[in-house]
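Asker:
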Amino acid sequence: MKNTEAEAPPARRPRKILDGGFLVLLGFTLAGGIAVFLTRGGGRVADIAAETLGFVAVLSPKIAAGIFIAATLPMCLPREKVGRLVGRESGWRGLAVATACGAALPGGPMMTFPLAAGLGTAGADMGAVVAFISGWSLLGLNRTLIWEFSFLPADLVWTRYLLSLPAPLLLGLTARAMMKRRMA
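According to our numbering, the stretch in the sequence shown is residues 35 to 218, in order.
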């Protein structure tokens, strides 16, 4: 474990509550609510609001746990080792490691995105984080083994998987190139 007493925690970046993404979502939400109100009435809007608040109540502890992981992961992992394994100078090997870790990770976005954010803060570069998320999204072994092989013909699953295999590596390499260009 990292000696957190000897090192200062990373500087916090201020986060806006009302950013552009939130305003876009708010706009769509209001437009949807108005459309439902006009077509189905206020009772249906109230039902949807109650269902949504129930869903938020169930989801909030998972999101809080994910945020806690993202905040504590950089303190638990030695930055120099993470940097060597999946940092800017780790090359194709780092992208392959990030892709494989993403593919092996079970769970949904409430686990994946906080982990990706935590890895980025702990020393992984943008390319490795993109490869990690893409590996989870495109190559998730849990989903492939449990869902795809259960419902789809095996040749279709293998074809999809093999065609998707290079994508996280190429996306990670592209992200690295974009970051290098931005820094130049």
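Even glycine gets a Cβ: it sits at the ideal position worked out from N, Cα and C. All values derive from a computational prediction rather than experimental measurement.
What residue does the alpha helix (DSSP H) around ASP189 start on, and which one ends it?
Answerer: First-last of the alpha helix (DSSP H) with ASP189: 188-198.
Asker: How is PRO108 classed by DSSP in three states: helix, strand or coil?
Answerer: It is helical.
Asker: Which term fits PRO148, buried or exposed, when burial requires 16 or more other beta carbons within 10 angstroms of its beta carbon?
Answerer: PRO148 is buried by the Cβ-count criterion.
Asker: Going along the chain, which residues of its own chain have a beta-carbon closer than 7 Å to the beta-carbon of VAL70, five neighbours each way excluded?
Answerer: For VAL70, where only same-chain residues beyond five positions count, the Cβ hits under 7 Å are ARG78, VAL79 and ILE82.
Asker: Give every residue of the same chain whose Cβ lies closer than 8 Å to the Cβ of LYS36, excluding the five residues on either side of it in the sequence, and list them in chain order.
Answerer: At LYS36, the pLDDT of 47 sits below 50, so the modelled position is not reliable; the number obtained from the coordinates is stated separately. Cβ within range, chain order: MET109, CYS110, LEU111, PRO112 and ARG113.
Asker: From THR146 to PRO200, what distance separates their C-alpha atoms?
Answerer: Using only the alpha carbons, I get a separation of about 20 Å.
Asker: Less than 8 Å between the CB atoms is what I'm expecting for GLY169 and THR208, so what's the real figure, rounded?
Answerer: About 14 Å separates the two Cβ atoms, so there is no contact after all.
Asker: Measure the C-alpha to C-alpha separation of GLY125 and MET213 and round it to an integer number of angstroms.
Answerer: Cα to Cα, the separation comes out at about 14 Å.
Asker: Can you look up GLY161 in the DSSP assignment and give me helix, strand or coil?
Answerer: Looking at GLY161 - three-state DSSP - the assignment turns out to be helix.
Asker: By Cβ distance below 7 Å, which residues in the same chain neighbour LYS96 in space, the five residues on each side in sequence not counted?
Answerer: The residues are MET144.
Asker: Might you give, ordered along the chain, the residues of its own chain that have their beta carbon closer than 6 Å to the beta carbon of LEU157, omitting 5 neighbours on each side?
Answerer: It should be pointed out that residue 157 corresponds to Gly in this sequence rather than to Leu. Excluding residues within five positions, the ones whose Cβ falls inside 6 Å are ARG113, VAL116, GLY117 and GLY121.
Asker: Thinking just about the alpha-carbon of each residue, which of LYS50, PHE56, LEU204 and THR73 is nearest to the one in ILE167?
Answerer: Of LYS50, PHE56, LEU204 and THR73, the residue nearest in Cα terms is LEU204.
Asker: Near GLY174, which residues of its chain fall below 7 Å by C-beta distance, leaving aside the five closest residues on each side in sequence?
Answerer: So the qualifying residues of the chain are ALA137.
Asker: What does the alpha-carbon distance come out to for the pair PRO48 and LEU190?
Answerer: Their Cα atoms are separated by approximately 46 Å.
Asker: Quick check on DSSP: helix, strand or coil for ALA218?
Answerer: Reduced to three states, the DSSP call for ALA218 is coil.
Asker: To the nearest angstrom, report how far apart SER184 and PRO140 are at their CA atoms.
Answerer: Roughly 17 Å between the two C-alpha positions.
Asker: Out of curiosity, what's the CA-to-CA distance linking GLY55 and VAL164?
Answerer: Using only the alpha carbons, I get a separation of about 20 Å.
Asker: Can the beta-carbon of GLY152 be found closer than 8 Å to that of ARG210?
Answerer: No.
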